[in-house]
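A.B. asks: Provided herewith is a single structure, encoded as structure tokens, for subsequent inquiry.
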Amino acid sequence: MRWSQTYIPTLRQQQSDAELISHQLLLRAGYIRKLGAGIYLYLPLMQRVIEKFSNIVREEMNRAGGLEITMSVLCPAELWQQSGRYDTIGKEQMRLKDRHQHDMVLCGTHEESVTYLVSGELKSYKQLPLNLYQIQVKFRDEIRPRFGLMRGREFIMKDAYTFDADETSFAKTYQGMVDAYFAIFRRAGIEVVKVESDTGAMGGKAAHEFMLLVDTNAGEEIIINCEKCKYAANVEKAEFTDPANLKIDNELKDMEKVDTPGAATIEEVTAFLKVDASRLVKTLMYMADGKPVAALIRGDRDLNEIKLKNAVKANELEMANPEQVQQYTGAPVGFAGPIGLKENVKILVDPLVAKLKNFIVGANENEKHILNVNLGRDFKAAHTVDLSLAREGDICPRCGGRLIKRDGIEVGNTFMLGTKYSETLGAKYLDAEGKEHPCIMGSYGIGITRTPQAVLEKYFDDKGIIWPKSIAPYLVELIPISMESPEQVETAEKIYNLLRDNNIEVLYDDRPERAGVKFNDADLVGLPIRITIGDKSLKQGKVELKARSEKDMELVAVEDIVRAVKKLAERLN
RNA sequence: CGGGGUGUGGCGCAGUCUGGCAGCGCACUUGCUUUGGGAGCAAGAUGUCGGAGGUUCAAAUCCUCUCACCCCGACCA
């Protein structure tokens, strides 16, 4: 492609509203433009990157037995009402009415559509397993779009759905997808880690996320992983063993109410009573689908809201506001405790609290706390369930190693859906005995537009992008220093044709620009290999060959250029 | 939805407090000179100052309403 014939509007100046380096680079190098909040246009270079990555995904999905289909992004609301997600997925779903005033949704994921498809056609166990996927646009009306393609409202996703007859077969299918995912991301030039994750609105039994670990500030997720074994989980999901070595009293002491003037926070109370935070138990008031819940957490730990949300099986969970706290505890925020709450407040206790004896809680009275409180004797809990947020320094639940914290960008996910959708939407088959069963389903996503941007968080320098060759829009950038030199132009044309004849993708910067402009644009755009044609080397019948990722260049005779490019490309990431 | 902020030429911004010719840099057009890392000189084109209403002799500037976008939080791939 000739630069003069394509559309690559590079920008000299930084765009102020781009936070992430990867977002900044895509804007500056002329890959994307923004149309509105979370709405992006993909320019010719980005289109090629998307195609490159899509093809990698397609190849690996096909290799793993996937069958490509396309399902409309539009879906009648009835299907979503049937699965029950019309109500649970909430405001994130784009909804609209057609001209007949029928309720429609723009799909953010396609479990309903694909299960509908299969439920009509699938009859026998002989048709299983089945693996259907598509690469297609998704809409999610994100509450706060940001980070460019990382969290847009419209994005492209590869979503696959599998149907199996039984758990043994499903386990093989799931592992097949996991293997395919590692292969895909390796080919795209990044190493990802598979972590356990919460299933969220997707529902189902278990889920994993594929994370690119980043050192930049681009992490949108926090990963907890073990230094010793392979345990890794999204912090939302992460389990841990408490490392604190606490002295637990043998005897239960009598309760004692004390004044704690001005001490509402954990810090203030520990300072006032001169005790360690681990002797305190904080009572956090939440509203779960409108019903009050009190979560009891040891004073030195933080609550994991996802764990709480799952424990109470709520669709919506939010912290109680001060009025609600007053209503249910009878005291201002800061003095809530498990004793004397209004009767309809459900009390959940973290296991770390359950182990404590003679702990300190709020008295449900302004500026008062109660000492020597004991679970069972002084109050009762609805459940004891893990509610604490894992943190660096905790102990691995699998091997006893130390847990550390990393920032990650989610580039893919896999969900074990079980029979949630096959039951509600009727994807059932007859087994060898003629008995009917719902399919065991899985669903698997890869962000097609997000992943290339995530890749950029790893591949850049102060001059611009440095693409891995597998998803670069072109392999080679060809630059004659001066378009006014007939010799240079003649050589450039010759090389341009040579490369194209050999199926090497090349971007030929044929603009009548100064060398500096071309070099800077080339570095910004980030193609893996640059060929420079200038008078100095041309006198010896040679041109310069340089990798974007390396400092040194080599001189290559024009007739050797194809071989030299191929050899260099082989060496590059 | 809550808190904070910004809307001025294609892009980046100043001007707003204290009302008085709508400016700067980059990009763009033309010419000359230059030509191995974002050239120089000269001449030019480009604006409903986000929108509506109001105050005033006079509004980018003050007032009211409104829209869009950004940042922090709740949500999430």
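Last residue of the first sequence: 556 in our numbering, with the numbers rising by one and none dropped.
Every residue gets a Cβ at the ideal spot worked out from N, C-alpha and C, and that includes glycine.
A quick note: this is a predicted structure, and the numbers were derived from the prediction, not measured.
Where does the unbroken alpha helix (DSSP H) through TYR311 begin, and where does it stop?
C.D. replies: In the first sequence, counting from the first residue as 1, residue 311 sits at position 328. Element bounds for TYR311: 305 to 312.
A.B. asks: Identify whether VAL56 lies in helix, strand or coil by the three-state DSSP scheme.
C.D. replies: Here residue 56 refers to the residue found at position 73 when the first sequence is read from its first residue. Residue state, collapsed to three classes: coil.
A.B. asks: What's the C-alpha gap between LYS622 and LEU89?
C.D. replies: Any property of residue 622 remains undetermined from this structure, which presents the chain solely from -16 to 556.
A.B. asks: Give the list of continuous beta strand (DSSP E) stretches no shorter than 3 residues that lie fully inside the stretch 160 to 188.
C.D. replies: Counting only runs of 3 or more, we get 175 to 180.
A.B. asks: Assuming contact is defined by CB atoms lying nearer than 7 Å, are GLY430 and TYR157 in contact in what I supplied?
C.D. replies: Residue mapping note: residue 430 aligns to position 447 of the first sequence, counting from 1. Residue mapping note: residue 157 aligns to position 174 of the first sequence, counting from 1. No.
A.B. asks: If you draw a straight line from the C-alpha of PHE398 to the C-alpha of GLU43, how long is it?
C.D. replies: Here the question's residue 398 lines up with position 415 in the first sequence. Here the question's residue 43 lines up with position 60 in the first sequence. Each residue's Cα considered, the two are about 18 Å apart.
A.B. asks: Apply the 10 Å Cβ neighbour rule to ALA154 and answer buried if 16 or more other Cβ atoms are within range, or exposed otherwise.
C.D. replies: The residue labelled residue 154 in the question sits at position 171 within the first sequence. Looking at its Cβ environment, which holds fewer than 16 other Cβ atoms inside 10 Å, ALA154 is exposed.
A.B. asks: By the three-class DSSP mapping on this structure, what secondary structure does TYR491 have?
C.D. replies: Translated into positions along the first sequence, residue 491 becomes position 508. DSSP places TYR491 within a strand segment (E or B) once states are collapsed to three.
A.B. asks: How big is the Cα-Cα spacing for ALA294 and ALA278?
C.D. replies: What you label residue 294 is simply residue 311 of the first sequence in a count that begins at 1. What you label residue 278 is simply residue 295 of the first sequence in a count that begins at 1. In a straight line, the C-alpha of ALA294 is about 10 Å away from that of ALA278.
A.B. asks: Hey, how far is the Cα of GLN119 from the Cα of GLY67?
C.D. replies: Locating residue 119 in the first sequence gives position 136, where the first residue counts as 1. Locating residue 67 in the first sequence gives position 84, where the first residue counts as 1. If you take the alpha carbons of GLN119 and GLY67, they lie about 24 Å apart.
A.B. asks: Using CA coordinates, which residue listed in ASN396, LEU235, GLU470, VAL276 is at the minimum distance from LYS340?
C.D. replies: For the purposes of this step, residue 340 is taken as residue 357 along the first sequence, with counting starting at 1. Nearest option by C-alpha distance: LEU235.
A.B. asks: Would DSSP call LEU413 helix, strand or coil?
C.D. replies: On the first sequence, residue 413 is found 430 positions in, with the first residue counted as 1. Note: LEU413 maps to strand in three-state DSSP.
A.B. asks: Could you have a look at ILE(-9) and say whether DSSP puts it in helix, strand or coil?
C.D. replies: Mapped onto the first sequence, residue -9 falls at position 8. Residue state, collapsed to three classes: coil.
A.B. asks: Buried or exposed: MET302, going by 16 or more other Cβ atoms within 10 Å of its Cβ?
C.D. replies: Position 319 of the first sequence, counting from 1, holds the residue named residue 302. Result: exposed.
A.B. asks: Pick helix, strand or coil for HIS6, following the three-state DSSP scheme.
C.D. replies: To locate residue 6, count along the first sequence from 1; it is residue 23. In the three-state reduction of the DSSP assignment, HIS6 falls in the helix class, which pools H, G and I.
A.B. asks: Closest to ARG(-5) by CA distance: which of PRO27, GLY447, LYS549 is it?
C.D. replies: The residue labelled residue -5 in the question sits at position 12 within the first sequence. ARG(-5) has its Cα closest to that of GLY447, out of PRO27, GLY447, LYS549.
A.B. asks: Quick one: what's got a C-beta closer than 8 Å to PRO315's C-beta in the same chain, skipping five residues either side?
C.D. replies: If you number the first sequence from 1, residue 315 lands on position 332. Hits under 8 Å: ALA247, PRO305, VAL308, GLN309, ASN349.
A.B. asks: Assign GLY73 to buried or exposed, taking buried as 16 or more other Cβ atoms, counted over all protein chains shown, within 10 Å of its Cβ.
C.D. replies: Here residue 73 is taken as the residue at index 90 of the first sequence, counted from 1. Looking at its Cβ environment, which holds fewer than 16 other Cβ atoms inside 10 Å, GLY73 is exposed.
A.B. asks: Assuming contact is defined by CB atoms lying nearer than 7 Å, are ILE289 and GLU204 in contact in what I supplied?
C.D. replies: If you number the first sequence from 1, residue 289 lands on position 306. If you number the first sequence from 1, residue 204 lands on position 221. No.
A.B. asks: Runs of 4 residues minimum, wholly inside the stretch 11 to 94: which ones carry the alpha helix (DSSP H) assignment?
C.D. replies: Entirely contained in the stretch 11 to 94, the alpha helix (DSSP H) runs reaching 4 residues are, in chain order, 27 to 46, 60 to 66, 68 to 71.
A.B. asks: Taking Cβ positions, are PRO435 and ILE454 nearer each other than 7 Å?
C.D. replies: The residue you call residue 435 lines up with position 452 of the first sequence. The residue you call residue 454 lines up with position 471 of the first sequence. In this structure, ILE454 lies closer than 7 Å to PRO435 by Cβ.
A.B. asks: Whose CA, out of ALA47, ASP504, THR92, PRO(-8), lies closest to the CA of LEU24?
C.D. replies: Stepping through the first sequence from its first residue, residue 24 is reached at position 41. Comparing Cα positions, the closest option is PRO(-8).
A.B. asks: Are three or more beta carbon pairs between the stretch 520 to 534 and the stretch 13 to 31 nearer than 8 Å?
C.D. replies: With a cut-off of 8 Å on Cβ pairs, the stretch 520 to 534 is not in contact with the stretch 13 to 31, counting fewer than three such pairs.
A.B. asks: Should CYS382 go down as buried or exposed, given a rule of 16 or more other Cβ atoms within 10 Å for buried?
C.D. replies: Within the first sequence, residue 382 is the residue found at index 399, counting from 1. CYS382 comes out exposed.
A.B. asks: Which residues in the same chain as LEU62 place their Cβ atom closer than 8 Å to its Cβ, once the five residues preceding and following it in sequence are excluded?
C.D. replies: As a working mapping, residue 62 is identified with position 79 in the first sequence. Closer than 8 Å at Cβ, skipping near neighbours: GLU95, SER96, TYR99, LEU408.
A.B. asks: Would you identify the three-state DSSP class for ASN349, choosing helix, strand or coil?
C.D. replies: The sequence position of residue 349 within the first sequence is 366, counting from 1. DSSP places ASN349 in coil when its eight states are reduced to three.
A.B. asks: What's the C-alpha gap between ILE249 and ALA221?
C.D. replies: As a first step, residue 249 must be located in the first sequence, where it is residue number 266. As a first step, residue 221 must be located in the first sequence, where it is residue number 238. When rounded, the distance between both Cα atoms is 24 Å.
A.B. asks: Alpha helix (DSSP H) containing ASP484: first to last residue?
C.D. replies: Walking along the first sequence from the start, residue 484 turns up at place 501. Judged by DSSP secondary structure, ASP484 falls within the alpha helix (DSSP H) whose first and last residues are 469 to 484.
A.B. asks: Using only CA atoms, which one of ALA1, LEU3, MET29 lies nearest to LEU510?
C.D. replies: Position 527 of the first sequence holds residue 510. For the residues ALA1, LEU3, MET29, the minimum Cα distance to LEU510 belongs to MET29.
A.B. asks: Using the DSSP secondary-structure output, state which residues sit across from ARG385 in a beta bridge.
C.D. replies: By 1-based counting over the first sequence, the position of residue 385 is 402. Looking at the DSSP assignment, ARG385 forms a beta bridge with ILE378.
A.B. asks: In or out: ARG11 buried (at least 16 other Cβ within 10 Å) or exposed?
C.D. replies: What you label residue 11 is simply residue 28 of the first sequence in a count that begins at 1. Buried, by the Cβ-count rule.
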